[in-house]
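Numbering (the working numbering), first residue to last: 899 to 1279.
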């Protein structure tokens, strides 16, 4: 979704300032999450708040509601993501809904509106729609919010001339991963319907989420990380939904309908991201860390419930999952504070949760000794 492609030396229009400030705010929030950059997080946080305030001020200086430009939609999305990084979820949801509403107003969900657009503009609009589609579905599941996008245009099928093909392929694979969970499932997840979901439906969803492992595909590492973590997280969401409906069994022949399935999900995630550099994970910001935390946290719940009955080798677990997840969640100051601390505290007050650990250091895990080198890869953990 390229918003800025060339230098300009003329005074910026207010709508352009709005876009630039929102993009600067988003960039600053991502920079504040890095441990190997100078200046430190506090400076970048201050910069993020400055650009956010400037962006909002610019919007108040002209009739923003009547701004039907593509950049207005993009700026609202950037603001939403920036506020999400700052853990201001109400504002993040507000600006995401703003972007969705403005997009629907210009018809970006309607295929007929693309008919007469130049090829490059049509591509940008299609990608923006699907980025918002993926973001809304993720937010709806994470924060129990309703969906607004039901009608959709075709997938983008062209590339910008400067793009590598794998960028496009990875984007489509991410869309298809979220497409598995339709609006009916999200309604069930958010308890907006009384209709029961069958075991067969849940099993079919789990089967669809077992997509081709993208580690071997020609994708860049950042795309692999996003797709792999999202895939395992959605498998967990489907499992949690089936648990709410009382459909799990300790003797089910379908492993996805057993109580210990999150343990297997955690192992799949561990195996997947241990092959990637940690920078491929942290570039996605707090959203990816929240998904990893949910998987790790549920894994601990399963260990606590099943206790010594769980045999690591039976489920293919030969690494130390607790230590791995705590270290992964500690790679940025913000993720360490928001997620690694919670996971470590939970493990420390429940001795049975450390029984799974095969590391001699697991019993002495602290946040102090989990201050990782910024260049370290997850595999080295």
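In this text, a Cβ means the ideal position worked out from N, Cα and C, and glycines have one as well.
Alpha helix (DSSP H) containing residue i: first to last residue?
i	result
residue 1066	1063-1077
residue 1248	It is not in any alpha helix (DSSP H) - residue 1248 carries neither H nor E in the DSSP assignment.
residue 1128	1119-1142
residue 1226	1219-1226
residue 953	939-958
residue 1168	1159-1171
residue 1104	1097-1107
residue 873	What the structure shows of the chain is the stretch from 899 to 1279, and residue 873 is not part of that stretch, so it cannot be assessed.
residue 1235	First-last for residue 1235: undefined, no H or E at that position.
residue 1155	Looking at the DSSP string, residue 1155 is not in any alpha helix (DSSP H), and its letter there is neither H nor E.
residue 987	987-1003
residue 982	968-983
Please return the same chain residues whose Cβ sits closer than 6 Å to the Cβ of residue i, not counting the five positions on each side in sequence.
i	result
residue 1120	1178, 1181
residue 1054	1021, 1024, 1025
residue 1238	1224, 1227, 1228
residue 920	953, 973, 976, 977
residue 1106	1078
residue 1166	1130
Excluding the five sequence neighbours on either side, which residues of its own chain have a C-beta within less than 7 Å of the C-beta of residue i, listed in chain order?
i	result
residue 1033	994
residue 1145	1097, 1100, 1155
residue 911	none
residue 974	993, 996, 997, 1000
residue 1134	1160, 1163, 1192, 1193, 1196
Please report the distance separating the alpha-carbon of residue i from that of residue j.
i	j	result
residue 966	residue 915	15 Å
residue 1160	residue 1196	7 Å
residue 1148	residue 1102	19 Å
residue 951	residue 1104	43 Å
residue 1190	residue 1163	11 Å
residue 1152	residue 1158	11 Å
residue 1087	residue 1042	8 Å
residue 926	residue 1092	43 Å
residue 1123	residue 1183	12 Å
residue 989	residue 1116	37 Å
residue 943	residue 1143	42 Å
residue 941	residue 930	8 Å
residue 1220	residue 1012	49 Å
residue 1027	residue 1076	14 Å
residue 953	residue 1019	24 Å
residue 1132	residue 1198	18 Å
residue 1071	residue 1226	24 Å
residue 971	residue 987	19 Å
residue 1006	residue 1045	16 Å
residue 1008	residue 1118	31 Å
residue 985	residue 1186	13 Å
residue 1095	residue 1139	9 Å
residue 1243	residue 1168	21 Å
residue 1127	residue 1200	19 Å
residue 1245	residue 1172	22 Å
residue 1017	residue 1061	15 Å
Would residue i be called buried (16 or more neighbouring beta carbons within 10 Å of its own) or exposed?
i	result
residue 1031	buried
residue 1084	buried
residue 1247	exposed
residue 996	buried
residue 1154	buried
residue 963	exposed
residue 913	buried
residue 1051	buried
residue 907	exposed
residue 1068	buried
residue 1082	exposed
residue 1035	buried
residue 958	exposed
residue 1188	buried
residue 1057	exposed
residue 979	buried
residue 983	buried
residue 924	buried
Contact criterion: CB-CB distance below 8 Å. Does residue i meet it with respect to chain C?
i	result
residue 1054	As a matter of chain content, chain C is missing from the structure shown, which is built from one protein chain.
If I measure Cβ to Cβ from residue i and keep anything under 8 Å in the same chain, skipping five residues before and after, which residues do I get?
i	result
residue 1150	1156
residue 969	901, 913, 914, 916, 917
Should residue i be listed as close to the ligand GDP, given that the test is whether its C-beta is under 7 Å from any heavy atom?
i	result
residue 986	Of ligands this structure carries none, so the ligand GDP is not represented either.
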